[in-house]
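Step one of this worksheet: look at the structure below.
Residue numbers (the working numbering): 270 to 716.
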(Lines of atoms letter the chains of each structure in order from A; the text may use other names.)
(Lines give C-alpha, C1' and ligand atoms only; values in the text may rest on other atoms or scores of the structure.)
Protein backbone atom coordinates (compact mmCIF):
# COMPACT_ATOMS: atom_id res chain seq x y z
CA UNK A 270 0.00 0.00 0.00
CA UNK A 271 1.48 3.36 -1.06
CA UNK A 272 1.05 6.55 0.78
CA UNK A 273 1.30 10.06 -0.54
CA UNK A 274 2.78 13.00 1.27
CA UNK A 275 0.27 15.43 2.65
CA UNK A 276 -0.24 18.63 0.62
CA UNK A 277 1.42 20.72 3.31
CA UNK A 278 4.59 18.59 3.06
CA UNK A 279 4.67 18.85 -0.73
CA UNK A 280 4.26 22.63 -0.56
CA UNK A 281 7.04 22.84 2.01
CA UNK A 282 9.39 20.87 -0.23
CA UNK A 283 8.48 23.06 -3.19
CA UNK A 284 9.22 26.18 -1.16
CA UNK A 285 12.57 24.73 -0.09
CA UNK A 286 13.46 23.91 -3.71
CA UNK A 287 12.50 27.41 -4.84
CA UNK A 288 14.49 29.01 -2.04
CA UNK A 289 17.47 26.81 -2.89
CA UNK A 290 17.50 27.86 -6.54
CA UNK A 291 16.72 31.45 -5.60
CA UNK A 292 20.11 31.72 -3.94
CA UNK A 293 22.32 33.78 -6.23
CA UNK A 294 25.41 31.71 -5.41
CA UNK A 295 23.65 28.47 -6.33
CA UNK A 296 22.52 29.87 -9.65
CA UNK A 297 26.02 31.10 -10.42
CA UNK A 298 27.45 27.67 -9.56
CA UNK A 299 24.98 25.89 -11.84
CA UNK A 300 25.68 28.40 -14.61
CA UNK A 301 29.45 27.93 -14.31
CA UNK A 302 29.13 24.14 -14.33
CA UNK A 303 26.87 24.27 -17.38
CA UNK A 304 29.30 26.61 -19.15
CA UNK A 305 32.20 24.28 -18.34
CA UNK A 306 30.31 21.33 -19.81
CA UNK A 307 29.61 23.34 -22.95
CA UNK A 308 33.34 24.11 -23.25
CA UNK A 309 34.14 20.43 -22.73
CA UNK A 310 31.74 19.53 -25.55
CA UNK A 311 33.07 22.24 -27.89
CA UNK A 312 36.72 21.29 -27.40
CA UNK A 313 36.20 17.53 -27.32
CA UNK A 314 36.53 14.94 -30.09
CA UNK A 315 34.25 14.96 -33.11
CA UNK A 316 31.74 12.35 -34.11
CA UNK A 317 31.93 10.24 -37.25
CA UNK A 318 29.59 8.37 -39.55
CA UNK A 319 30.41 5.10 -37.85
CA UNK A 320 30.09 6.53 -34.34
CA UNK A 321 27.95 9.71 -34.44
CA UNK A 322 27.67 9.95 -30.64
CA UNK A 323 31.43 9.82 -30.05
CA UNK A 324 31.58 13.61 -29.80
CA UNK A 325 29.20 13.60 -26.81
CA UNK A 326 30.47 10.48 -25.06
CA UNK A 327 34.12 11.36 -25.64
CA UNK A 328 33.58 14.84 -24.23
CA UNK A 329 31.18 14.32 -21.33
CA UNK A 330 31.72 10.67 -20.35
CA UNK A 331 35.52 10.67 -20.14
CA UNK A 332 38.03 11.71 -17.54
CA UNK A 333 38.67 15.05 -19.26
CA UNK A 334 35.29 16.32 -18.08
CA UNK A 335 36.65 16.48 -14.50
CA UNK A 336 39.10 19.19 -15.54
CA UNK A 337 36.31 21.33 -16.99
CA UNK A 338 34.10 20.85 -13.93
CA UNK A 339 36.97 21.94 -11.71
CA UNK A 340 37.47 24.91 -14.02
CA UNK A 341 33.80 25.78 -13.60
CA UNK A 342 34.09 25.63 -9.80
CA UNK A 343 37.18 27.88 -9.94
CA UNK A 344 35.28 30.36 -12.10
CA UNK A 345 32.39 30.28 -9.64
CA UNK A 346 34.79 30.95 -6.76
CA UNK A 347 36.23 33.90 -8.66
CA UNK A 348 32.75 35.30 -9.23
CA UNK A 349 31.77 34.92 -5.58
CA UNK A 350 35.08 36.43 -4.50
CA UNK A 351 34.53 39.32 -6.90
CA UNK A 352 31.25 40.14 -5.15
CA UNK A 353 33.08 40.28 -1.82
CA UNK A 354 35.66 42.81 -3.07
CA UNK A 355 34.87 46.43 -2.17
CA UNK A 356 33.27 48.37 -5.01
CA UNK A 357 35.90 51.09 -4.93
CA UNK A 358 38.46 48.44 -5.89
CA UNK A 359 36.56 46.81 -8.74
CA UNK A 360 35.05 50.03 -10.08
CA UNK A 361 37.74 52.47 -9.05
CA UNK A 362 40.75 53.69 -10.92
CA UNK A 363 42.57 50.38 -10.65
CA UNK A 364 45.14 48.35 -8.81
CA UNK A 365 47.90 50.90 -9.28
CA UNK A 366 45.88 53.65 -7.60
CA UNK A 367 44.65 51.26 -4.92
CA UNK A 368 48.19 50.53 -3.76
CA UNK A 369 49.39 54.14 -4.18
CA UNK A 370 51.81 53.39 -6.99
CA UNK A 371 50.91 56.68 -8.69
CA UNK A 372 49.72 58.81 -5.82
CA UNK A 373 52.73 61.16 -6.07
CA UNK A 374 54.88 62.24 -8.97
CA UNK A 375 57.98 60.71 -7.39
CA UNK A 376 56.48 57.23 -7.01
CA UNK A 377 55.03 57.47 -10.49
CA UNK A 378 58.43 58.16 -12.05
CA UNK A 379 60.04 55.45 -9.93
CA UNK A 380 57.49 52.93 -11.18
CA UNK A 381 58.04 53.98 -14.78
CA UNK A 382 61.82 53.67 -14.32
CA UNK A 383 61.47 50.18 -12.84
CA UNK A 384 59.25 49.03 -15.71
CA UNK A 385 61.72 50.46 -18.23
CA UNK A 386 64.64 48.62 -16.59
CA UNK A 387 62.70 45.36 -16.72
CA UNK A 388 61.87 45.95 -20.38
CA UNK A 389 65.56 46.51 -21.14
CA UNK A 390 66.92 43.52 -19.22
CA UNK A 391 64.21 40.89 -19.71
CA UNK A 392 64.75 40.07 -23.43
CA UNK A 393 68.25 38.75 -22.72
CA UNK A 394 66.69 35.92 -20.70
CA UNK A 395 64.14 34.97 -23.35
CA UNK A 396 64.45 32.36 -26.07
CA UNK A 397 64.65 33.36 -29.71
CA UNK A 398 60.97 32.48 -30.16
CA UNK A 399 59.84 34.84 -27.39
CA UNK A 400 62.16 37.57 -28.65
CA UNK A 401 60.45 37.29 -32.02
CA UNK A 402 57.03 37.46 -30.34
CA UNK A 403 58.14 40.54 -28.40
CA UNK A 404 59.05 42.33 -31.65
CA UNK A 405 56.68 41.11 -34.37
CA UNK A 406 53.53 40.78 -32.28
CA UNK A 407 53.81 42.64 -28.99
CA UNK A 408 56.01 45.61 -29.94
CA UNK A 409 54.32 46.50 -33.23
CA UNK A 410 50.84 46.05 -31.79
CA UNK A 411 51.69 48.23 -28.82
CA UNK A 412 52.35 51.04 -31.30
CA UNK A 413 49.07 50.32 -33.06
CA UNK A 414 47.16 50.24 -29.76
CA UNK A 415 48.70 53.54 -28.63
CA UNK A 416 47.65 55.20 -31.89
CA UNK A 417 44.10 53.82 -31.85
CA UNK A 418 43.81 54.83 -28.19
CA UNK A 419 44.02 58.45 -29.34
CA UNK A 420 41.04 57.95 -31.66
CA UNK A 421 38.88 55.65 -29.53
CA UNK A 422 40.09 56.33 -26.01
CA UNK A 423 40.84 60.06 -26.06
CA UNK A 424 38.32 61.37 -28.61
CA UNK A 425 35.67 58.62 -28.40
CA UNK A 426 35.53 57.91 -32.17
CA UNK A 427 34.86 54.33 -33.24
CA UNK A 428 37.32 53.46 -36.04
CA UNK A 429 37.05 49.99 -37.58
CA UNK A 430 39.35 50.69 -40.53
CA UNK A 431 42.41 51.65 -38.52
CA UNK A 432 44.57 48.91 -40.05
CA UNK A 433 44.33 50.68 -43.42
CA UNK A 434 46.78 53.34 -42.20
CA UNK A 435 49.08 50.52 -41.11
CA UNK A 436 49.01 49.24 -44.70
CA UNK A 437 49.65 52.73 -46.08
CA UNK A 438 52.73 53.07 -43.88
CA UNK A 439 54.07 49.65 -44.88
CA UNK A 440 53.56 50.20 -48.60
CA UNK A 441 55.01 53.72 -48.36
CA UNK A 442 58.16 52.23 -46.89
CA UNK A 443 58.27 49.61 -49.64
CA UNK A 444 57.80 52.31 -52.31
CA UNK A 445 60.49 54.71 -51.11
CA UNK A 446 63.02 51.89 -50.65
CA UNK A 447 62.45 50.70 -54.24
CA UNK A 448 60.79 47.38 -53.38
CA UNK A 449 57.53 47.90 -55.31
CA UNK A 450 57.10 47.41 -59.08
CA UNK A 451 56.59 51.19 -59.43
CA UNK A 452 59.89 52.96 -58.85
CA UNK A 453 60.35 56.12 -56.73
CA UNK A 454 62.28 59.17 -57.97
CA UNK A 455 64.93 58.42 -55.34
CA UNK A 456 65.66 55.51 -52.99
CA UNK A 457 65.84 56.24 -49.27
CA UNK A 458 66.95 54.51 -46.11
CA UNK A 459 64.00 53.03 -44.13
CA UNK A 460 64.67 55.59 -41.40
CA UNK A 461 63.97 58.38 -43.89
CA UNK A 462 60.86 56.64 -45.19
CA UNK A 463 59.32 57.05 -41.73
CA UNK A 464 58.72 60.72 -42.61
CA UNK A 465 56.98 59.87 -45.89
CA UNK A 466 54.95 57.05 -44.33
CA UNK A 467 53.75 59.20 -41.45
CA UNK A 468 52.79 62.01 -43.82
CA UNK A 469 51.00 59.59 -46.17
CA UNK A 470 49.04 58.02 -43.32
CA UNK A 471 48.22 61.43 -41.85
CA UNK A 472 46.99 62.74 -45.22
CA UNK A 473 44.90 59.58 -45.63
CA UNK A 474 43.44 60.18 -42.18
CA UNK A 475 42.52 63.74 -43.11
CA UNK A 476 41.02 62.63 -46.45
CA UNK A 477 38.94 60.00 -44.69
CA UNK A 478 38.00 62.17 -41.73
CA UNK A 479 37.18 65.43 -43.52
CA UNK A 480 33.89 64.25 -45.11
CA UNK A 481 32.95 61.62 -42.51
CA UNK A 482 33.67 63.01 -39.05
CA UNK A 483 30.33 64.77 -38.98
CA UNK A 484 28.91 61.27 -38.55
CA UNK A 485 28.73 59.65 -35.14
CA UNK A 486 28.66 56.24 -33.53
CA UNK A 487 27.75 53.30 -35.77
CA UNK A 488 27.65 55.40 -38.95
CA UNK A 489 31.24 56.50 -38.50
CA UNK A 490 32.26 52.90 -37.75
CA UNK A 491 30.66 51.69 -41.01
CA UNK A 492 32.43 54.37 -43.08
CA UNK A 493 35.84 53.59 -41.58
CA UNK A 494 35.17 49.88 -42.04
CA UNK A 495 34.56 50.49 -45.74
CA UNK A 496 37.76 52.52 -46.02
CA UNK A 497 39.79 49.66 -44.54
CA UNK A 498 38.28 47.20 -47.01
CA UNK A 499 38.98 49.57 -49.94
CA UNK A 500 42.67 49.86 -49.07
CA UNK A 501 43.02 46.07 -48.79
CA UNK A 502 41.30 45.51 -52.15
CA UNK A 503 43.46 48.15 -53.81
CA UNK A 504 46.61 46.54 -52.45
CA UNK A 505 45.44 43.17 -53.75
CA UNK A 506 44.28 44.27 -57.22
CA UNK A 507 46.84 46.92 -58.20
CA UNK A 508 49.52 44.41 -59.09
CA UNK A 509 51.56 46.84 -61.19
CA UNK A 510 51.80 49.22 -58.21
CA UNK A 511 51.75 47.13 -55.03
CA UNK A 512 52.78 43.71 -56.32
CA UNK A 513 49.29 42.31 -55.87
CA UNK A 514 48.57 39.33 -53.67
CA UNK A 515 52.22 38.28 -53.67
CA UNK A 516 53.44 41.59 -52.28
CA UNK A 517 56.52 43.55 -53.35
CA UNK A 518 58.82 41.60 -55.71
CA UNK A 519 61.88 42.78 -53.79
CA UNK A 520 62.38 42.44 -50.03
CA UNK A 521 62.08 45.65 -48.04
CA UNK A 522 65.57 46.53 -46.73
CA UNK A 523 66.37 46.57 -43.04
CA UNK A 524 67.07 49.77 -41.12
CA UNK A 525 70.61 51.06 -41.27
CA UNK A 526 72.62 53.99 -39.90
CA UNK A 527 75.46 55.68 -41.80
CA UNK A 528 76.12 58.95 -40.04
CA UNK A 529 79.16 60.61 -38.45
CA UNK A 530 81.32 57.54 -38.93
CA UNK A 531 78.72 55.21 -37.43
CA UNK A 532 77.79 52.29 -39.68
CA UNK A 533 75.26 49.81 -38.40
CA UNK A 534 72.61 47.70 -40.10
CA UNK A 535 69.69 45.95 -38.43
CA UNK A 536 69.35 42.39 -39.65
CA UNK A 537 67.01 39.49 -39.00
CA UNK A 538 68.10 39.36 -35.35
CA UNK A 539 65.27 40.21 -32.99
CA UNK A 540 67.06 42.04 -30.17
CA UNK A 541 68.23 45.07 -32.21
CA UNK A 542 64.71 45.57 -33.51
CA UNK A 543 63.31 45.12 -30.01
CA UNK A 544 65.42 47.94 -28.62
CA UNK A 545 64.63 50.12 -31.62
CA UNK A 546 60.93 49.55 -30.98
CA UNK A 547 61.42 50.22 -27.28
CA UNK A 548 62.97 53.62 -27.99
CA UNK A 549 60.12 54.56 -30.33
CA UNK A 550 57.41 53.33 -27.94
CA UNK A 551 58.85 55.28 -25.01
CA UNK A 552 59.19 58.44 -27.12
CA UNK A 553 55.61 58.18 -28.43
CA UNK A 554 54.25 57.49 -24.93
CA UNK A 555 55.96 60.63 -23.61
CA UNK A 556 54.61 62.75 -26.48
CA UNK A 557 51.08 61.40 -26.16
CA UNK A 558 51.18 61.86 -22.39
CA UNK A 559 52.01 65.52 -22.88
CA UNK A 560 49.31 65.74 -25.55
CA UNK A 561 46.74 64.17 -23.22
CA UNK A 562 47.36 66.81 -20.56
CA UNK A 563 47.36 69.69 -23.04
CA UNK A 564 44.51 71.83 -24.27
CA UNK A 565 44.04 69.43 -27.19
CA UNK A 566 43.72 66.47 -24.83
CA UNK A 567 41.14 68.28 -22.73
CA UNK A 568 39.18 69.08 -25.88
CA UNK A 569 39.22 65.38 -26.85
CA UNK A 570 37.96 64.49 -23.38
CA UNK A 571 35.11 66.96 -23.68
CA UNK A 572 34.15 65.57 -27.09
CA UNK A 573 34.27 62.00 -25.82
CA UNK A 574 32.10 62.64 -22.79
CA UNK A 575 29.50 64.84 -24.51
CA UNK A 576 30.09 66.20 -27.98
CA UNK A 577 26.99 68.42 -27.96
CA UNK A 578 27.99 70.04 -24.67
CA UNK A 579 31.57 70.48 -25.89
CA UNK A 580 30.42 72.22 -29.06
CA UNK A 581 28.06 74.43 -27.04
CA UNK A 582 31.02 75.38 -24.83
CA UNK A 583 32.99 76.68 -27.79
CA UNK A 584 35.11 73.63 -28.65
CA UNK A 585 35.63 73.21 -32.39
CA UNK A 586 34.65 69.54 -32.34
CA UNK A 587 35.24 68.95 -36.05
CA UNK A 588 38.77 70.34 -35.88
CA UNK A 589 39.80 68.30 -32.86
CA UNK A 590 38.20 65.09 -34.14
CA UNK A 591 40.09 65.51 -37.42
CA UNK A 592 43.27 66.09 -35.45
CA UNK A 593 42.71 62.87 -33.47
CA UNK A 594 42.15 60.93 -36.69
CA UNK A 595 45.32 62.31 -38.26
CA UNK A 596 47.51 61.69 -35.21
CA UNK A 597 46.20 58.15 -34.73
CA UNK A 598 46.69 57.41 -38.43
CA UNK A 599 50.26 58.71 -38.37
CA UNK A 600 51.15 56.37 -35.49
CA UNK A 601 49.70 53.44 -37.40
CA UNK A 602 51.70 54.38 -40.49
CA UNK A 603 54.83 54.60 -38.36
CA UNK A 604 54.18 51.06 -37.09
CA UNK A 605 53.74 49.92 -40.70
CA UNK A 606 57.29 51.04 -41.54
CA UNK A 607 58.75 49.05 -38.65
CA UNK A 608 56.71 46.00 -39.61
CA UNK A 609 57.72 46.13 -43.29
CA UNK A 610 61.42 46.61 -42.54
CA UNK A 611 61.51 43.82 -39.94
CA UNK A 612 59.52 41.23 -41.93
CA UNK A 613 60.81 42.41 -45.34
CA UNK A 614 57.75 40.90 -47.04
CA UNK A 615 54.24 42.37 -46.92
CA UNK A 616 51.00 41.14 -48.49
CA UNK A 617 47.39 42.37 -48.38
CA UNK A 618 46.61 39.47 -46.02
CA UNK A 619 48.55 41.33 -43.32
CA UNK A 620 45.98 44.15 -43.30
CA UNK A 621 42.58 42.49 -43.01
CA UNK A 622 39.54 43.62 -41.03
CA UNK A 623 40.38 41.12 -38.29
CA UNK A 624 43.54 43.10 -37.55
CA UNK A 625 41.53 46.29 -37.00
CA UNK A 626 39.19 44.47 -34.64
CA UNK A 627 42.17 42.96 -32.81
CA UNK A 628 43.74 46.38 -32.21
CA UNK A 629 40.38 47.68 -30.95
CA UNK A 630 40.20 44.71 -28.57
CA UNK A 631 43.69 45.55 -27.26
CA UNK A 632 42.61 49.10 -26.44
CA UNK A 633 39.35 48.10 -24.77
CA UNK A 634 40.92 45.21 -22.87
CA UNK A 635 43.72 47.40 -21.54
CA UNK A 636 41.52 50.39 -20.77
CA UNK A 637 40.21 53.03 -23.16
CA UNK A 638 41.87 56.39 -22.69
CA UNK A 639 44.77 54.93 -20.72
CA UNK A 640 48.23 54.87 -22.28
CA UNK A 641 49.60 52.27 -19.80
CA UNK A 642 46.40 50.30 -20.38
CA UNK A 643 46.96 50.22 -24.15
CA UNK A 644 50.49 48.92 -23.62
CA UNK A 645 49.40 46.34 -21.07
CA UNK A 646 46.41 45.20 -23.13
CA UNK A 647 48.56 44.65 -26.23
CA UNK A 648 51.20 42.80 -24.22
CA UNK A 649 48.71 40.46 -22.49
CA UNK A 650 46.51 39.67 -25.49
CA UNK A 651 49.48 39.05 -27.79
CA UNK A 652 51.42 37.05 -25.21
CA UNK A 653 48.58 34.82 -24.04
CA UNK A 654 47.90 32.84 -27.27
CA UNK A 655 51.59 32.08 -27.66
CA UNK A 656 51.87 31.01 -24.02
CA UNK A 657 48.91 28.64 -24.36
CA UNK A 658 49.90 27.27 -27.74
CA UNK A 659 51.68 24.25 -26.26
CA UNK A 660 48.76 23.34 -23.98
CA UNK A 661 45.72 23.99 -26.16
CA UNK A 662 44.92 22.96 -29.70
CA UNK A 663 45.39 25.76 -32.21
CA UNK A 664 41.76 25.57 -33.38
CA UNK A 665 40.56 25.95 -29.78
CA UNK A 666 42.97 28.69 -28.79
CA UNK A 667 40.83 31.71 -29.58
CA UNK A 668 37.82 30.06 -27.96
CA UNK A 669 39.48 30.52 -24.58
CA UNK A 670 40.69 33.98 -25.50
CA UNK A 671 37.14 34.94 -26.42
CA UNK A 672 35.86 33.57 -23.12
CA UNK A 673 38.46 35.69 -21.31
CA UNK A 674 37.26 38.80 -23.10
CA UNK A 675 33.63 38.05 -22.25
CA UNK A 676 34.43 37.58 -18.56
CA UNK A 677 36.57 40.71 -18.61
CA UNK A 678 33.84 42.84 -20.15
CA UNK A 679 31.27 41.59 -17.62
CA UNK A 680 33.29 42.04 -14.45
CA UNK A 681 35.76 44.80 -15.37
CA UNK A 682 34.44 46.68 -18.40
CA UNK A 683 36.80 49.61 -17.83
CA UNK A 684 39.81 47.40 -18.67
CA UNK A 685 42.89 46.17 -16.85
CA UNK A 686 44.40 49.62 -16.31
CA UNK A 687 41.70 52.23 -16.92
CA UNK A 688 42.17 55.94 -16.91
CA UNK A 689 40.60 57.82 -14.03
CA UNK A 690 38.12 59.43 -16.39
CA UNK A 691 37.08 56.06 -17.80
CA UNK A 692 36.63 54.59 -14.32
CA UNK A 693 34.48 57.59 -13.42
CA UNK A 694 32.34 57.06 -16.53
CA UNK A 695 31.70 53.44 -15.49
CA UNK A 696 30.74 54.56 -11.98
CA UNK A 697 28.37 57.19 -13.39
CA UNK A 698 26.86 54.58 -15.70
CA UNK A 699 26.14 52.30 -12.75
CA UNK A 700 24.48 55.20 -11.00
CA UNK A 701 22.28 55.80 -14.08
CA UNK A 702 23.73 59.23 -14.82
CA UNK A 703 25.15 58.49 -18.28
CA UNK A 704 25.65 55.73 -20.84
CA UNK A 705 28.01 52.81 -20.26
CA UNK A 706 30.79 54.20 -22.44
CA UNK A 707 31.90 57.24 -24.34
CA UNK A 708 30.57 55.88 -27.62
CA UNK A 709 26.96 55.76 -26.42
CA UNK A 710 24.38 58.52 -26.11
CA UNK A 711 23.78 60.16 -22.73
CA UNK A 712 20.80 58.98 -20.77
CA UNK A 713 17.66 60.74 -21.88
CA UNK A 714 18.94 61.72 -25.34
CA UNK A 715 16.71 60.56 -28.16
CA UNK A 716 18.35 58.55 -30.93
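Beta carbons: idealized from backbone N, C-alpha and C, even for Gly.
- Residue pairing of residue 491 in beta bridges, as defined by DSSP: absent, with no partner found.
- The segment 515–602 contains, as complete alpha helix (DSSP H) runs of 4+ residues, the segments 539–561, 564–574, 576–581 (chain order).
- Selection 524, 579, 494 evaluated against residue 458 yields 524 as nearest (Cα-Cα).
- Using a 10 angstroms sphere on the CB of residue 378, the tally of other CB atoms stays under 16, which defines it as exposed.
- Minimum Cα-Cα distance from residue 577 among the listed residues 616, 648, 483 corresponds to 483.
- With fewer than 16 neighbouring CB atoms inside 10 Å of its own CB, residue 293 falls in the exposed class.
- Residue 571 sits away from residue 581, with the two beta carbons spaced by 7 Å or more.
- DSSP, read as helix, strand or coil, puts residue 633 in helix.
- By the beta-carbon neighbour count (other beta carbons within 10 angstroms, threshold 16), residue 611 is buried.
- With contacts defined as CB atoms closer than 7 Å, residue 543 and residue 404 qualify as a contacting pair.
- In this structure the segment 425–432 lies against the segment 625–636, because at least three pairs of beta carbons, one per stretch, are closer than 8 Å.
- Cβ-Cβ distances below 7 Å link residue 331 to nothing in the same chain once the five nearest sequence neighbours on each side are left out.
- Collapsing the DSSP output to three states places residue 651 in a helix.
- Nearest to residue 433 by alpha-carbon distance, out of 402, 645, 678, 616, is 616.
- In the DSSP assignment, residue 402 falls outside any alpha helix (DSSP H), carrying neither H nor E.
- Membership of residue 451 in any alpha helix (DSSP H) is not indicated, and neither H nor E is assigned to it by DSSP.
- 451 is the residue among 561, 590, 654, 451 whose C-alpha sits nearest the C-alpha of residue 509.
- For residue 480, the uninterrupted alpha helix (DSSP H) segment begins and ends at 459–481.
- Secondary structure at residue 414: helix, using DSSP grouped into helix, strand and coil.
- CA-CA distance, residue 540 to residue 400, rounds to 7 Å.
- In the structure shown, the three-state DSSP call for residue 383 is helix.
- Shown here for residue 557: same chain residues with a beta carbon closer than 7 Å to its own, the five before and five after excluded, namely 415, 419, 640 in chain order.
- Sequence-distant Cβ neighbours of residue 670 in its own chain, meaning closer than 7 Å and more than five residues away, are 653, 654.
- DSSP places residue 613 in the coil class of the three-state scheme, outside both helix and strand.
- The C-beta distance from residue 651 to residue 491 rounds to 27 Å, too long to fall under 8 Å, and the pair is not in contact.
- In the DSSP assignment, residue 661 falls outside any alpha helix (DSSP H), carrying neither H nor E.
- If you check the CB distance, residue 603 and residue 467 come in under 7 Å.
- If you compare the alpha carbons of 522, 436, 489 with that of residue 469, the shortest gap goes to 436.
- Of the candidates 668, 623, 423, 423 places its Cα closest to the Cα of residue 643.
- Contact between the segment 333–349 and the segment 305–318 is present: 3 or more CB-CB pairs across the two stretches fall below 8 Å.
- In the three-state reduction of the DSSP assignment, residue 431 falls in the coil class, being assigned neither a helical nor a strand state.
- Inter-residue distance for residue 600 and residue 327 is about 49 Å (C-alpha atoms, whole angstroms).
- The straight-line gap separating the alpha-carbon atoms of residue 515 and residue 613 is approximately 13 Å.
- With contacts defined by Cβ atoms closer than 7 Å, residue 497 and residue 625 form a contacting pair.
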